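Residue numbers (the UniProt record's numbering): 1 to 279.
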Ligand code: S5P
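Structural data, given as structure tokens:
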């Protein structure tokens, strides 16, 4: 199975430049941690990113929740991305027809495609959503993740829906680099008589990761980095409140310590996974 190789080896096999860069960054920084910065003030947003920057390979944003958004915030974010050497993932969860998502991705106040290496989409509209986003993202070397599963209790993305998402991704390997999911997806959705491709490799980025809580009282479900990376074979852990707690008056030293704690837990689980290959 390709995912059992090192991040560095896997980087060589991906054709999409953002996937390659992410895997190379993970290897170089020894971090499979993505911090999700879900805060509403620009000041807090930048302070968290500067604090966790040394410990992450990827920063995930919800840029539309920033109350005082101005495009200069993107320039600050890009400066931090260069300073700390991480990629940017805008968690936009596109879900419309091809023409509309192409406009939402390229235009408006946020112009997501101009700065986010990676974004994501719900597969619910079918393959046209990939086509629409690729028309904007591919010329800019961007990568797309499909939401094949969700971390919330009672999520509808399962069974045949998940299988169809994987089939859609297989038909667009230049742009779709993997999934937001809870498990690995290689071999999922194959028709009867179709043989699994041993070299198939998708990136699995997984949210719903926490070391100190099992839920948030609003449907979110948490599991540990070890469960995600070692138990389910995911590649990147996405952690938000487990690292920065409650927005407002946060202790930035604590945020830094927590990000180092999660980085170490995620990386150790990966090292254990590599070790398990020979057993
Ligand atoms: O299934 C999902 C998909 C996503 S992208 N479940 C999720 O929680 N997410 C996102 O991950 C969610 O929008 C949030 O930004 C982050 C999880 O945040 P946390 O504070 O619960 O760790």
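Positions of the beta carbon are idealized from the N, C-alpha and C atoms, including for glycine.
As the structure is a prediction and not an experimental result, all values here were calculated from the model.
| Query | Result |
| --- | --- |
| heavy atom of the ligand S5P below 7 angstroms from residue 81 C-beta | no |
| Any non-hydrogen atom of the ligand S5P closer than 7 angstroms to residue 152 Cβ | yes |
| Residue burial classification, residue 195 (beta-carbon count within 10 angstroms, cutoff 16) | exposed |
| Neighbour-count burial assignment, residue 141, 16 or more Cβ in a 10 Å radius | exposed |
| Check whether residue 48 and residue 39 have beta carbons under 8 angstroms apart | yes |
| Selected residue, minimal CA-CA separation from residue 68, among 43, 54 and 20 | 43 |
| Residue range of the unbroken alpha helix (DSSP H) whose run includes residue 73 | 72–84 |
| Beta-carbon separation (whole angstroms), residue 3 vs residue 163, contact threshold 8 angstroms | In fact, because the Cβ distance is near 18 angstroms, the residues do not count as touching under 8 angstroms. |
| Pick from 175, 80 and 83 that is closest to residue 145, judged by C-alpha positions | 175 |
| Residue 36 Cβ short of 7 angstroms to the ligand S5P heavy atom set | yes |
| Where residue 100 sits in the DSSP three-state scheme | helix |
| Residue 225, buried or exposed, once every other Cβ within 10 Å from all chains shown has been counted against 16 | buried |
| beta-carbon residue 216 near the ligand S5P non-hydrogen atom, thresh 7 angstroms | yes |
| Of the listed residues 22, 82 and 153, nearest to residue 119 (C-alpha basis) | 22 |
| Segment limits, beta strand (DSSP E) that includes residue 260 | Per DSSP, residue 260 belongs to no beta strand (DSSP E); it is in the alpha helix (DSSP H), 252–276. |
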